[in-house]
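Numbering (our numbering), first residue to last: 196 to 449.
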(Lines of atoms letter the chains of each structure in order from A and count residues from 1; the text may use other names and numbers.)
(Lines give C-alpha, C1' and ligand atoms only; values in the text may rest on other atoms or scores of the structure.)
Protein backbone atom coordinates (compact mmCIF):
# COMPACT_ATOMS: atom_id res chain seq x y z
CA UNK A 1 0.00 0.00 0.00
CA UNK A 2 1.20 3.49 -0.82
CA UNK A 3 0.66 5.69 2.22
CA UNK A 4 -1.03 9.06 1.83
CA UNK A 5 1.19 11.95 2.86
CA UNK A 6 -0.16 15.36 3.86
CA UNK A 7 2.28 18.25 3.46
CA UNK A 8 1.02 21.36 5.21
CA UNK A 9 1.69 24.85 3.89
CA UNK A 10 0.67 28.48 4.29
CA UNK A 11 1.69 31.70 6.02
CA UNK A 12 5.35 31.71 4.97
CA UNK A 13 6.11 28.00 4.72
CA UNK A 14 8.27 27.75 1.59
CA UNK A 15 9.73 24.25 1.32
CA UNK A 16 6.50 22.34 0.73
CA UNK A 17 7.23 21.47 -2.91
CA UNK A 18 10.66 20.03 -2.17
CA UNK A 19 9.23 18.02 0.72
CA UNK A 20 6.33 16.75 -1.37
CA UNK A 21 8.72 15.74 -4.16
CA UNK A 22 10.90 13.80 -1.69
CA UNK A 23 7.91 11.80 -0.45
CA UNK A 24 6.75 11.19 -4.03
CA UNK A 25 10.17 9.84 -4.98
CA UNK A 26 10.00 7.63 -1.90
CA UNK A 27 6.70 6.15 -3.11
CA UNK A 28 4.03 8.10 -1.24
CA UNK A 29 0.77 9.61 -2.48
CA UNK A 30 1.26 13.26 -1.60
CA UNK A 31 -1.06 16.24 -1.21
CA UNK A 32 -0.02 19.78 -0.34
CA UNK A 33 -2.71 21.47 1.74
CA UNK A 34 -3.01 24.95 3.21
CA UNK A 35 -3.43 24.95 6.97
CA UNK A 36 -6.74 26.83 6.71
CA UNK A 37 -8.16 24.10 4.46
CA UNK A 38 -7.33 21.54 7.14
CA UNK A 39 -8.96 23.69 9.81
CA UNK A 40 -12.14 23.93 7.72
CA UNK A 41 -12.36 20.13 7.60
CA UNK A 42 -10.24 18.54 10.30
CA UNK A 43 -11.60 15.05 9.55
CA UNK A 44 -9.52 14.87 6.38
CA UNK A 45 -6.43 14.51 8.56
CA UNK A 46 -7.33 10.85 9.00
CA UNK A 47 -7.23 10.23 5.25
CA UNK A 48 -3.44 10.30 5.62
CA UNK A 49 -0.82 8.12 7.23
CA UNK A 50 1.93 10.77 7.36
CA UNK A 51 1.76 14.48 8.14
CA UNK A 52 4.75 16.63 7.22
CA UNK A 53 5.54 20.13 8.47
CA UNK A 54 7.97 21.76 6.01
CA UNK A 55 10.57 24.45 6.49
CA UNK A 56 10.18 28.13 5.80
CA UNK A 57 9.59 31.31 7.75
CA UNK A 58 6.01 31.05 8.93
CA UNK A 59 4.68 34.45 9.95
CA UNK A 60 8.14 35.88 9.34
CA UNK A 61 9.49 34.13 12.45
CA UNK A 62 7.84 36.87 14.51
CA UNK A 63 7.57 36.34 18.29
CA UNK A 64 9.58 33.11 17.93
CA UNK A 65 10.13 30.78 15.00
CA UNK A 66 7.08 28.57 14.49
CA UNK A 67 5.16 30.01 17.45
CA UNK A 68 2.24 31.63 15.60
CA UNK A 69 1.75 28.67 13.24
CA UNK A 70 1.83 26.36 16.27
CA UNK A 71 -0.78 28.45 18.07
CA UNK A 72 -3.17 28.27 15.12
CA UNK A 73 -2.90 24.48 15.22
CA UNK A 74 -3.21 24.44 19.00
CA UNK A 75 -6.54 26.24 18.96
CA UNK A 76 -8.05 24.50 15.94
CA UNK A 77 -6.79 21.01 15.23
CA UNK A 78 -4.59 19.85 18.12
CA UNK A 79 -6.95 17.14 19.44
CA UNK A 80 -7.11 15.54 16.02
CA UNK A 81 -3.34 15.72 15.70
CA UNK A 82 -2.88 14.02 19.08
CA UNK A 83 -5.24 11.22 18.01
CA UNK A 84 -3.36 10.92 14.72
CA UNK A 85 -0.09 10.37 16.59
CA UNK A 86 -1.61 7.96 19.10
CA UNK A 87 -2.86 5.83 16.19
CA UNK A 88 0.82 5.22 15.33
CA UNK A 89 0.72 7.37 12.22
CA UNK A 90 3.82 9.39 11.40
CA UNK A 91 4.72 13.06 11.76
CA UNK A 92 7.87 14.80 10.56
CA UNK A 93 8.84 18.43 11.10
CA UNK A 94 11.80 19.95 9.27
CA UNK A 95 13.44 23.26 10.26
CA UNK A 96 10.48 25.61 10.75
CA UNK A 97 8.40 22.44 10.96
CA UNK A 98 10.61 21.19 13.81
CA UNK A 99 10.16 24.52 15.58
CA UNK A 100 6.39 24.19 15.16
CA UNK A 101 6.05 20.64 16.47
CA UNK A 102 8.39 21.36 19.38
CA UNK A 103 6.35 24.36 20.45
CA UNK A 104 3.26 22.14 20.20
CA UNK A 105 4.88 19.66 22.59
CA UNK A 106 4.87 16.84 20.02
CA UNK A 107 8.60 16.41 20.59
CA UNK A 108 10.09 15.26 22.87
CA UNK A 109 6.76 14.81 24.76
CA UNK A 110 8.34 13.03 27.71
CA UNK A 111 5.26 13.45 29.89
CA UNK A 112 2.83 12.22 27.26
CA UNK A 113 0.69 15.30 27.88
CA UNK A 114 2.03 17.35 24.95
CA UNK A 115 3.39 20.16 27.11
CA UNK A 116 6.25 22.14 25.62
CA UNK A 117 9.51 20.81 27.09
CA UNK A 118 12.05 22.13 24.59
CA UNK A 119 12.56 24.87 22.05
CA UNK A 120 14.73 26.05 19.18
CA UNK A 121 16.23 29.46 19.90
CA UNK A 122 18.58 31.98 18.29
CA UNK A 123 21.86 30.60 16.98
CA UNK A 124 24.89 31.28 19.16
CA UNK A 125 26.48 33.05 16.20
CA UNK A 126 23.75 35.67 16.40
CA UNK A 127 22.98 35.45 12.72
CA UNK A 128 21.33 33.32 10.06
CA UNK A 129 23.26 30.15 9.19
CA UNK A 130 23.22 28.79 5.65
CA UNK A 131 25.69 25.94 5.25
CA UNK A 132 26.10 22.17 4.94
CA UNK A 133 26.52 20.04 8.05
CA UNK A 134 27.33 16.47 8.92
CA UNK A 135 24.94 14.64 11.22
CA UNK A 136 25.33 11.19 12.73
CA UNK A 137 22.42 8.95 13.60
CA UNK A 138 22.01 8.19 17.29
CA UNK A 139 18.83 6.10 17.10
CA UNK A 140 17.97 3.92 14.10
CA UNK A 141 14.22 4.05 14.71
CA UNK A 142 11.34 4.34 12.27
CA UNK A 143 12.64 7.33 10.33
CA UNK A 144 16.37 6.58 10.41
CA UNK A 145 16.53 2.87 9.67
CA UNK A 146 19.67 1.84 7.74
CA UNK A 147 21.26 5.29 8.04
CA UNK A 148 24.58 6.00 9.78
CA UNK A 149 25.31 9.59 8.84
CA UNK A 150 24.06 12.30 6.50
CA UNK A 151 25.44 15.45 4.90
CA UNK A 152 22.64 18.02 4.77
CA UNK A 153 22.03 21.74 4.31
CA UNK A 154 20.80 23.95 7.12
CA UNK A 155 19.27 27.41 6.77
CA UNK A 156 17.96 28.95 9.96
CA UNK A 157 18.34 31.79 12.41
CA UNK A 158 16.85 29.94 15.38
CA UNK A 159 18.12 26.37 15.43
CA UNK A 160 19.72 25.97 18.84
CA UNK A 161 17.98 23.07 20.59
CA UNK A 162 17.45 23.63 24.30
CA UNK A 163 15.38 21.96 27.02
CA UNK A 164 13.66 23.42 30.05
CA UNK A 165 15.94 21.78 32.65
CA UNK A 166 18.65 19.19 33.24
CA UNK A 167 16.22 16.44 34.20
CA UNK A 168 14.45 16.84 30.85
CA UNK A 169 17.76 16.48 29.03
CA UNK A 170 18.69 13.44 31.11
CA UNK A 171 15.41 11.75 30.24
CA UNK A 172 15.77 12.48 26.52
CA UNK A 173 19.20 10.85 26.62
CA UNK A 174 17.99 7.91 28.72
CA UNK A 175 15.06 7.25 26.38
CA UNK A 176 17.34 7.44 23.32
CA UNK A 177 15.17 10.18 21.85
CA UNK A 178 18.13 12.03 20.38
CA UNK A 179 17.77 11.05 16.74
CA UNK A 180 20.67 12.87 15.11
CA UNK A 181 23.62 14.96 16.27
CA UNK A 182 25.90 17.37 14.47
CA UNK A 183 29.43 16.00 14.21
CA UNK A 184 32.88 16.80 12.89
CA UNK A 185 34.10 14.07 10.51
CA UNK A 186 37.72 15.04 11.18
CA UNK A 187 37.72 15.38 14.97
CA UNK A 188 35.92 14.38 18.15
CA UNK A 189 35.59 18.09 18.96
CA UNK A 190 32.33 19.50 17.59
CA UNK A 191 32.63 23.27 17.49
CA UNK A 192 31.16 25.95 15.25
CA UNK A 193 30.59 25.62 12.33
CA UNK A 194 30.17 21.84 12.68
CA UNK A 195 27.57 22.54 15.34
CA UNK A 196 26.14 25.55 13.50
CA UNK A 197 23.92 26.94 16.24
CA UNK A 198 25.27 25.88 19.63
CA UNK A 199 22.63 23.20 20.18
CA UNK A 200 22.73 21.38 23.51
CA UNK A 201 24.71 18.13 23.17
CA UNK A 202 25.02 18.93 19.43
CA UNK A 203 21.39 17.85 18.99
CA UNK A 204 20.11 18.28 15.43
CA UNK A 205 16.93 16.23 15.74
CA UNK A 206 14.79 14.37 18.28
CA UNK A 207 11.78 12.06 18.36
CA UNK A 208 8.92 11.42 20.74
CA UNK A 209 9.08 8.28 22.90
CA UNK A 210 7.40 6.08 20.30
CA UNK A 211 9.64 7.36 17.54
CA UNK A 212 6.77 8.09 15.17
CA UNK A 213 7.18 11.87 15.53
CA UNK A 214 10.54 13.16 14.26
CA UNK A 215 11.81 16.73 14.18
CA UNK A 216 15.12 17.96 12.76
CA UNK A 217 16.73 21.24 11.78
CA UNK A 218 18.70 20.10 8.68
CA UNK A 219 16.87 19.76 5.36
CA UNK A 220 16.94 16.17 4.01
CA UNK A 221 14.43 17.13 1.29
CA UNK A 222 16.99 19.59 -0.12
CA UNK A 223 19.57 16.86 -0.76
CA UNK A 224 17.79 14.07 -2.58
CA UNK A 225 20.27 13.62 -5.43
CA UNK A 226 24.05 14.01 -5.17
CA UNK A 227 23.78 16.70 -7.85
CA UNK A 228 21.92 18.88 -5.34
CA UNK A 229 25.24 19.47 -3.61
CA UNK A 230 27.35 22.38 -4.94
CA UNK A 231 30.44 20.12 -4.83
CA UNK A 232 28.83 17.01 -6.28
CA UNK A 233 31.65 16.56 -8.81
CA UNK A 234 34.01 15.79 -5.92
CA UNK A 235 32.38 12.41 -5.36
CA UNK A 236 29.73 13.02 -2.70
CA UNK A 237 28.23 9.60 -2.00
CA UNK A 238 24.53 8.90 -2.48
CA UNK A 239 24.29 7.29 0.97
CA UNK A 240 24.77 10.74 2.53
CA UNK A 241 21.67 12.17 0.85
CA UNK A 242 18.36 12.55 2.67
CA UNK A 243 16.11 10.36 0.51
CA UNK A 244 16.32 7.31 2.78
CA UNK A 245 14.50 9.19 5.55
CA UNK A 246 11.43 9.53 3.34
CA UNK A 247 11.71 5.96 2.09
CA UNK A 248 11.69 4.78 5.69
CA UNK A 249 8.54 6.77 6.41
CA UNK A 250 6.77 5.35 3.38
CA UNK A 251 7.96 1.78 3.90
CA UNK A 252 6.69 1.81 7.49
CA UNK A 253 3.18 1.39 6.08
CA UNK A 254 3.97 -1.27 3.48
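For each residue, glycine too, the CB sits at the ideal point set by N, CA and C.
* Name the two residues that bound the continuous beta strand (DSSP E) containing residue 355. => 355-358
* Asked: In the structure shown, what three-state DSSP assignment does residue 444 receive?
  -> helix
* Looking at C-alpha atoms only, which residue of 271, 203, 292, 426 is the closest neighbour of residue 401? -> 292
* Kindly indicate the opening and closing residues of the beta strand (DSSP E) around residue 229. => 224-229
* **Cβ-Cβ separation, residue 315 to residue 260 (assumed contact under 8 Å), whole Å** => 6 Å
* Return the CA-CA distance between residue 239 and residue 281, expressed in angstroms with no decimal places. => 16 Å
* To do: Go through its chain and collect everything with a Cβ distance to residue 324's Cβ below 8 Å, but skip five positions before and after it.
  => 318, 349, 350, 351, 352, 354, 388, 391, 392
* Report buried or exposed for residue 409, applying the criterion of at least 16 other Cβ atoms within 10 angstroms of its Cβ. => buried
* So what does DSSP say about residue 302, is it helix, strand or coil? -> coil
* To do: Report buried or exposed for residue 414, applying the criterion of at least 16 other Cβ atoms within 10 angstroms of its Cβ.
  => buried
* **residue 381 versus 248, 329, 289, residue with shortest Cα-Cα distance** => 329
* Asked: Residues bridged to residue 314 by DSSP?
  -> 357
* Asked: Where DSSP assigns a beta bridge to residue 330, which residues make up the other side?
  -> 345, 377
* What residues in its chain sit with their C-beta under 6 Å from that of residue 359, if we drop five residues either side in the sequence? -> 312
* Touch check for the segment 247-262 and the segment 419-437: three-plus C-beta pairs under 8 Å? -> no
* Asked: Per DSSP, what kind of secondary structure is residue 278 in: helix, strand or coil?
  -> helix
* **Spatial neighbours of residue 433 in its chain, beta-carbon cut-off 7 Å, leaving aside the 5 residues before and after** => 421
* How far does the alpha helix (DSSP H) with residue 323 in it reach, from first residue to last? -> From DSSP, residue 323 is part of no alpha helix (DSSP H); its letter is neither H nor E.
* **Between the CA atoms of residue 378 and residue 327 - distance to the nearest angstrom** => 12 Å
* Shorter than 7 Å from the beta carbon of residue 305 to some beta carbon of chain C? -> Structure shown: chain C not included; a single protein chain is present.
* Enumerated in chain order, which unbroken segments of the beta strand (DSSP E) with a length of 3 residues or greater are wholly contained in the segment 199-268? -> 199-204, 224-229, 245-248
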